[in-house]
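Quick notes on the structure that follows.
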Amino acid sequence: MNKKSLASYKFLLTELVKKGIKLKYRRSYLGILWSLIEPLLTTTVLVIVFGTLFKNKNPNYPMYVIIGRLMYSFFSAGTNATMTSFKHNAGMMKKVYIPKLIYPVSTIIYNYVITGISLLVLIPVDIYCGIIPTWHLLQFIPAILLTLFFTFGIGLILACLNVFFDDIVYLWSVALLLIMYMSAIFYYPEAILESKYSFILKVNPLFSTIQLGRDAFFAQAFNIKYCLTALIWGIGTNTAGLLFFKANKDKFILHL
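Per the numbering used here, residue 212 is the first one in the sequence shown, and the count goes up by one each step.
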């Protein structure tokens with residue numbers, strides 16, 4: 212069989228995306244409905260706990276939290292799933308030739324689809340907070356696309372590393388916990404941005420895209436600095452990931 216480009220496997224890519232979505236909800240009675248219920252439940256807990264702890268009485272706080280929660284969840288789920296995509300498909304990789312890149316690509320796409328469904332919960336929260344939609348909502352499109360871009364780049368790097376080092380899974384779980392606290396999901400970032408530790412947020416692409424998403428709903432001007440931070444990270448991680456993949460893809464079979 213002649214080797215073909217990834218574009219020649221559109222049908223297989225579609226089937227792998229469908230398979231990923233089905234497997235995620237295979238043993239769930241609630242199915243895709245859980246993608247709506249889960250962020251609402253976790254946001255409610257975060258709002259009650261941290262709203263009380265920080266004595267936050269801002270009526271828009273639930274919206275502030277759920278946007279951060281949803282975008283972090285996509286980053287977390289996307290990188291975790293992409294990281295294990297080669298190992299989870301090792302059987303198929305050993306039997307037939309398929310461009311290996313199709314596995315992380317299909318993984319990130321089905322996680323993106325699930326995130327798109329989850330975003331529907333923003334509608335009732337928007338209504339609850341009394342936020343009036345404006346044209347600024349269009350800013351949410353680059354926010355979510357930039358998140359997808361650098362999530363895939365980081366996920367591809369992790370996927371390549373995971374083929375050779377099993378410990379990457381455990382190390383990344385710790386890193387995700389740190390990233391969560393560094394992304395201002397349930398607290399306001401002003402105090403940190405005005406301190407000597409401001410770099411913690413300024414160099415974090417997830418914080419940048421989360422803030423872009425919040426600006427979209429809170430009718431704030433588009434922040435070019437946040438956009439450039441996320442874009443630079445996206446270009447850097449995807450370039451590194453693709454180079455690492457190209458250099459090592461022929462060695463994968465020996466280690467899977």
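Glycine included, every Cβ here is placed at the ideal spot set by N, Cα and C.
Taking the alpha-carbon positions, what's the residue i to residue j distance?
i    : j    : result
P400 : L257 : 16 Å
N373 : F456 : 12 Å
F297 : G364 : 15 Å
G447 : P416 : 11 Å
L357 : L349 : 14 Å
A354 : I232 : 23 Å
T263 : M393 : 21 Å
I320 : I343 : 31 Å
G452 : D461 : 15 Å
L223 : I368 : 23 Å
N434 : S419 : 9 Å
E226 : S406 : 49 Å
L467 : M304 : 9 Å
By the three-class DSSP mapping on this structure, what secondary structure does residue i have?
i    : result
E405 : coil
N300 : coil
P416 : helix
P335 : helix
L312 : coil
D378 : coil
N269 : coil
T253 : helix
Q431 : coil
Y398 : coil
P353 : helix
Y236 : coil
G341 : coil
L467 : coil
V307 : coil
M274 : helix
T295 : coil
M212 : Summary for M212: the model assigns pLDDT 36, below 50, so the residue's position carries little reliability; its value from the coordinates is reported in the next sentence. M212 falls in the coil class under three-state DSSP.
What do you get for residue i, buried or exposed, if any count of 16 or more other CB atoms within 10 angstroms of its CB means buried?
i    : result
W346 : exposed
G445 : buried
F286 : buried
D426 : buried
N213 : Model confidence at N213 stands at a pLDDT of 40, short of 50, so the residue's coordinates are unreliable and nothing is read from them.
I259 : exposed
F265 : exposed
I277 : buried
M282 : buried
Taking the alpha carbon of residue i as the point to measure from, which residue in the options has its own alpha carbon closest?
i    : options                : result
A441 : Q422, A427, Q431       : Q422
T293 : V228, N271, I338       : V228
I325 : L417, N434, K221, L234 : L234
L359 : P315, F433, I435       : P315
N291 : Y323, S219, F222, F463 : Y323
G341 : T362, Y272, T420, K407 : Y272
Y339 : N449, K413, L251       : L251
N449 : G366, D377, L465, Y408 : G366
G279 : R237, N267, I248, A395 : A395
L404 : I328, Y398, K413       : K413
Are there any heavy atoms of the ligand ATP lying less than 8 Å away from the beta-carbon of residue i, as far as the coordinates show?
i    : result
V276 : Looking at this structure, you won't find the ligand ATP or any other ligand, since it has none at all.
* Is the region 376-396 touching the region 305-313 in the sense that three or more CB pairs, one from each, lie closer than 8 Å? -> no
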